[in-house]
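Take the sequence shown: its letter number 411 is residue 439 in the numbering used here, and every next letter is one higher. A short write-up of the structure that comes next.
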Amino acid sequence: MLETLKTRNWPRLFGYILFIGMMAAGYYYNLTFVQLGLEDFGTRLLGLSPSAVARDMACLALLTCLIAIAFGWWIQKQGWGRRFRVKLRLSFGVVLAQILLTFICPFVTGEPGFLVWLAGVSVALGVGVPVMFSMTVDLIPVRMRGGAAALVTACAYFAAETLSSEWTFEAFRRQSLLMLAGGALGMGILAFIHHPWLDALARQHEHPAFARGRFLRAGRRDRRLLGLILIMFSIYFVDSLGFLRLLKTPLYMTGSWQSPDFEVRLFIAGAHVLGALVAGVLYSSLHERPLFLWIFGIFALTHLQYSFHIRTEAANTVLSMPMLYALAVSLYTVVNFAIWADLSTPDTISLNSALGVALSGWTATFLSTALAIAWGERLSLERHIQVVDSLAMLFFLAMVALAYFSPAPKPIEAS
């Protein structure tokens, strides 16, 4: 970005800012209102049973996944992956739909109405994933993708932790509406005006620095994509399965993520930011295998800490536990925002990102959310965290075996 400032390439700098702001706002909305707020809305305000909410959230995951893949395929078939202005207008439509759905949510009554409303959310999210992720090839050059993903992650988690002292549906809805209103205004202007900067951004995907992802290898795309989807699914599954049980344990929330002490929340937000910035450097320097070794290793260590703490029945928590959790989450989030574009070209980015985000992120998150809600009635906290830690350690050992018993990848060529 400093090089861009020195050369006064204002359109490219504007593209960086647009991508980081758009993706950070979208992730903040999904992280707070959708994943955390809707579970609170279903159980506390609608009075649904935990098992009913788990079932409904699983339906949301499945429908979102199907719509994202279908629309990503449609974008690829129509050749819209190379049409930046079309993607801007589609993004504007997604934001408007999310504003409407977020506004009318309190008027939903009963489970049938909740299911219909969730179907609308699935359409907006399913369309938004391939559209917004595919703009990576228009706005971010290959060598900047780790840094851009780091800033997206840092902004989203810093806002989520410092602004959200009260984790309730009402608080998340209020914050989301304010953010979406500003986003709709900005996206609406960009979608329909004609400006030389936007013309320059619409041509960037033709430049070699943007067009071909750094992990793309001739003849190996499908196999690598499937493997990375499976690995990212495992990461999201482990994260949500553990965190959502901790979320129901006041001891681990009031002393960390939901602490009334702003300094504690600021410390955790700082850990998120630090983890994101380090992940941006690691992503730009390492291959996939060492990155995933770090992620699974930190998750295994984190849940091991929680297991020991639960067994000792300590009355107070220590900040090293949420700090390690924040580092692990920031690491894999950075990878998720960058890696799908680095396995794609402008012609394949829409479908690849839809497959990657929908099958790994959305499906794993909400299926594990449903499982965590169901386990909350059947398993003790100690047993639940032990299972999650065992899964994290199993995946870590699998990555160790893959790293040491598979042929070494070729050196990454500078872009």
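Glycine included, every Cβ here is placed at the ideal spot set by N, Cα and C.
Own chain residues within Cβ distance below 8 Å of Leu253, not counting five before or after: The beta carbon of Leu253 is closer than 8 Å to those of Leu371, Asn380, Leu383, Gly384 in its chain, skipping five residues each way along the sequence.
Distance between Phe243 and Trp101 (C-alpha atoms, nearest Å): Whole-angstrom Cα-Cα distance: 21 Å.
Spatial distance of Arg40 from Leu229 (CA atoms): Spanning the two alpha carbons is a distance of roughly 7 Å.
Beta-carbon separation (whole angstroms), Leu395 vs Ala98, contact threshold 8 Å: With 8 Å as the limit, Leu395 and Ala98 do not qualify as a contact, their Cβ atoms being about 19 Å apart.
Span of the alpha helix (DSSP H) around Pro140: In the DSSP assignment, Pro140 falls within the alpha helix (DSSP H) that extends over 138 to 162.
Local conformation of Asn37 per DSSP, three classes: Secondary structure of Asn37 (DSSP, three-state): coil.
Supposed contact pair Ala152 and Leu116 - C-beta distance, whole angstroms, cut 8 Å: 16 Å between Cβ atoms; not a contact.
Member of Thr164, Trp225, Ile401, Ala398 whose CA lies at the smallest distance from the CA of Ala239: Among Thr164, Trp225, Ile401, Ala398, the Cα nearest to that of Ala239 is on Thr164.
Buried or exposed by the 16-neighbour rule on C-beta atoms within 10 Å, applied to Glu316: Buried, by the Cβ-count rule.
Buried versus exposed, by CB contacts within 10 Å (16 or more), Gly247: Low per-residue confidence applies at Gly247: pLDDT is 48, beneath 50, and the placement is therefore not dependable enough to give any value.
Length of the line joining the Cα atoms of Gly174 and Val180: One alpha carbon belongs to Gly174, the other to Val180, and they sit about 10 Å apart.
Residue range of the alpha helix (DSSP H) that includes Met85: Following the DSSP letters along the chain, one finds Met85 inside the alpha helix (DSSP H) bounded by residues 78 to 106.
Reference Leu258, options Thr340, Ser378, Asn364, Pro278, closest by Cα: Closest in alpha carbon position to Leu258, among Thr340, Ser378, Asn364, Pro278, is Asn364.
Integer-rounded CB distance, given that Cys87 should sit under 8 Å from Leu146: Contact flag correct, Cβ pair sits at about 7 Å.
Coarse secondary structure for Lys115, derived from DSSP in three states: Lys115: helix per DSSP, three-state reduction.
Cβ distance (whole Å) where Gly54 is taken to contact Met215 below 8 Å: Gly54 to Met215, Cβ: 11 Å. No contact.
Meets three-Cβ-pair contact criterion under 8 Å: the segment 126 to 140 and the segment 410 to 429: Taking one beta carbon from each stretch, the segment 126 to 140 and the segment 410 to 429 have fewer than 3 pairs nearer than 8 Å; the two do not touch.
Backbone CA spacing between Arg231 and Lys105 [nearest angstrom]: Within the model, the alpha-carbon separation for Arg231 versus Lys105 is close to 20 Å.
Rounded straight-line distance, which links the Cα of Ala182 to that of Phe112: If you draw a straight line from the Cα of Phe112 to the Cα of Ala182, it is about 26 Å long.
Cβ neighbours of Thr361 in the same chain (closer than 6 Å, five flanking residues each side left out): Within the same chain, Thr181 come within 6 Å of Thr361 by CB-CB distance, once the 5 residues on both sides are set aside.
Own chain residues within Cβ distance below 8 Å of Leu74, not counting five before or after: Closer than 8 Å at Cβ, skipping near neighbours: Val136, Thr137, Gly138, Glu139, Phe142.
Buried versus exposed call for Glu234 [16 or more other C-beta atoms within 10 Å across all chains shown]: By the 10 Å Cβ count, Glu234 comes out exposed.
For Pro439, the three-state DSSP class (helix, strand or coil): Confidence in Pro439 is poor, its pLDDT being 49 and thus under 50, which makes the residue's placement too unreliable to answer from.
Residue interval of the alpha helix (DSSP H) (run including Gln286): Looking at the DSSP string, Gln286 is not in any alpha helix (DSSP H), and its letter there is neither H nor E.
Inter-residue spacing [alpha-carbon to alpha-carbon] between Ala199 and Tyr432: Ala199 and Tyr432: Cα-Cα distance of roughly 47 Å.
Whole-angstrom distance between Met207 and Tyr334, CA atom to CA atom: Taking the straight line joining both Cα atoms gives about 34 Å.
Touching by the beta-carbon criterion (3+ pairs, under 8 Å), the segment 409 to 422 and the segment 271 to 278: When C-beta atoms of the segment 409 to 422 are compared with those of the segment 271 to 278, three or more pairs fall below 8 Å, so the two segments count as touching.
Buried or exposed by the 16-neighbour rule on C-beta atoms within 10 Å, applied to Asn58: So Asn58 counts as buried.
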